[in-house]
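Those protein sequence lines, which keep their order, are chains Z and H.
Sequential numbering of the first sequence, starting at 1, is according to my numbering.
Sequential numbering of the second sequence, starting at 1001, is according to my numbering.
Glycine is no exception: its CB is placed at the ideal position from the N, C-alpha and C atoms.
This one's a predicted model, so the numbers in the text were calculated from it and none came from an experiment.
Below: the structure, in structure tokens.
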Amino acid sequence: DSGVTQTPKHLITATGQRVTLRCSPRSGDLSVYWYQQSLDQGLQFLIHYYNGEERAKGNILERFSAQQFPDLHSELNLSSLELGDSALYFCASSEDPPHGGSPLHFGNGTRLTVT
Amino acid sequence: GEDVEQSLFLSVREGDSSVINCTYTDSSSTYLYWYKQEPGAGLQLLTYIFSNMDMKQDQRLTVLLNKKDKHLSLRIADTQTGDSAIYFCAESIGNTGKLIFGQGTTLQVKP
Chain Z
1 DSGVTQTPKH LITATGQRVT LRCSPRSGDL SVYWYQQSLD QGLQFLIHYY
51 NGEERAKGNI LERFSAQQFP DLHSELNLSS LELGDSALYF CASSEDPPHG
101 GSPLHFGNGT RLTVT
Chain H
1001 GEDVEQSLFL SVREGDSSVI NCTYTDSSST YLYWYKQEPG AGLQLLTYIF
1051 SNMDMKQDQR LTVLLNKKDK HLSLRIADTQ TGDSAIYFCA ESIGNTGKLI
1101 FGQGTTLQVK P
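As structure tokens, then:
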């Protein structure tokens, strides 16, 4: 168990809808990262938050947004969903600020299916 | 550019050693990681190495880093059927905390 909790485990929704994925980092970790895993794109970095502030953005679509709250949990919001958004979405957390090099610990992911 | 390459598949017999290879492109990588993903599960951190190290050993796992060639390998000694999984190599990009992952190598262990 990595200590990173993601809910829900599975989500099935229709095109055009909006969903929210939730992540609780390991106790004491200030950094939260979101990744998308799909068959065609592999593991893609979406966004990184550190102590409530956005630190880095990757291949995140404009229809997607995220935030990290004062209690350090994070939410990833996906809107106007398309079939191609079906994927496994991972959250990860780490102790240090970005330059610290501490490893990322991943949750078990949320599997999103858009029908 | 940022790119990590791995071979897609490796098959070994139980008890043999497995060697999974990875090449990366970003010379500013500070840390390199190996993660394991079992079916339906998340990514489990196996080990990682700082870029100024050549080798790291952790029980059955040995990581070798050739920084000049930007080549990383993971050796699993005495491979067991429970080691069957997808193994991902990843490099950290500068000071961002962002990881770039390879496509993953599927390790099949035959009894």
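Proximal residues of chain H, C-beta to C-beta of residue i below 9 Å
| i | result |
| --- | --- |
| Phe64 of chain Z | Those do not exist, as Phe64 of chain Z stays about 16 Å from chain H at its closest Cβ, beyond 9 Å. |
| Tyr33 of chain Z | Gly1097, Lys1098 and Leu1099 |
| Ser94 of chain Z | Gly1097 |
The ligand SAM heavy atom lying under 7 Å from the CB of residue i
| i | result |
| --- | --- |
| Asp1083 of chain H | Absent from the structure shown: the ligand SAM. Ligands present: none. |
Cβ separation of residue i and residue j, assumed to be a contact under 8 Å, to the nearest whole Å
| i | j | result |
| --- | --- | --- |
| Val1019 of chain H | Arg1075 of chain H | 5 Å |
| His73 of chain Z | Cys23 of chain Z | 6 Å |
| Leu21 of chain Z | Tyr89 of chain Z | 6 Å |
| Leu1045 of chain H | Pro103 of chain Z | 5 Å |
| Lys1070 of chain H | Thr1023 of chain H | 6 Å |
Pair within 8 Å by beta-carbon distance, residue i and residue j
| i | j | result |
| --- | --- | --- |
| Thr1079 of chain H | Asp1016 of chain H | yes |
| Ser86 of chain Z | Thr113 of chain Z | yes |
| Gln1006 of chain H | Asn1021 of chain H | yes |
| Gly1094 of chain H | Ser1028 of chain H | yes |
| Ala66 of chain Z | Leu76 of chain Z | yes |
| Thr1030 of chain H | Ser1073 of chain H | no |
| Gln1108 of chain H | Ser1011 of chain H | yes |
| Asn108 of chain Z | Ala1041 of chain H | yes |
| Leu46 of chain Z | Gln37 of chain Z | no |
| Ala1077 of chain H | Tyr1035 of chain H | no |
Where residue i meets chain H, residues with beta-carbon distance less than 7 Å
| i | result |
| --- | --- |
| Asn108 of chain Z | Ala1041 and Gly1042 |
| Phe133 of chain Z | No answer is possible for residue 133 of chain Z: the residues shown for chain Z start at 1 and end at 115. |
Listed by chain order, chain Z residues near residue i by CB distance under 8 Å
| i | result |
| --- | --- |
| Tyr1033 of chain H | Pro103 and Leu104 |
Within chain Z, the residues that residue i reaches when beta carbons sit closer than 7 Å
| i | result |
| --- | --- |
| Lys1098 of chain H | Phe45, His48, Ala56 and Gly58 |
| Phe1101 of chain H | Gly42 and Leu43 |
| Tyr1024 of chain H | Going along chain Z, no residue has its Cβ under 7 Å from Tyr1024 of chain H, so there is no contact; the nearest lies around 14 Å. |
| Phe1009 of chain H | In chain order: nothing, as chain Z lies at least about 15 Å away. |
Cutoff 7 Å; reference residue i; Cβ partners in own chain excluding five residues on either side
| i | result |
| --- | --- |
| Ser79 of chain Z | Arg18 and Arg63 |
Residues of its chain near residue i, where Cβ-Cβ distance is below 8 Å and the 5 sequence neighbours each way are ignored
| i | result |
| --- | --- |
| Glu53 of chain Z | Gln68 |
| Phe1050 of chain H | Thr1030 and Tyr1031 |
Nonlocal neighbours in the same chain, by C-beta distance under 6 Å from residue i, ignoring five residues either side
| i | result |
| --- | --- |
| Asp1003 of chain H | Thr1025 |
| Lys1110 of chain H | Arg1013 |
| Thr7 of chain Z | Arg22 |
| Gly58 of chain Z | Phe45 and Leu46 |
Within chain Z, the residues that residue i reaches when beta carbons sit closer than 9 Å
| i | result |
| --- | --- |
| Leu1045 of chain H | Ser2, Pro103, Leu104, His105 and Phe106 |
Exercise. Fully enclosed by the segment 66 to 97 of chain Z, which beta strand (DSSP E) runs are 3 residues long or longer?
Worked result: 74 to 78 and 87 to 94
Problem set entry | Continuous alpha helix (DSSP H) assignments of at least 4 residues falling wholly in the segment 1043 to 1092 of chain H | The DSSP assignment places no complete run of the alpha helix (DSSP H) inside the segment 1043 to 1092 of chain H (cut-off: 4 residues).
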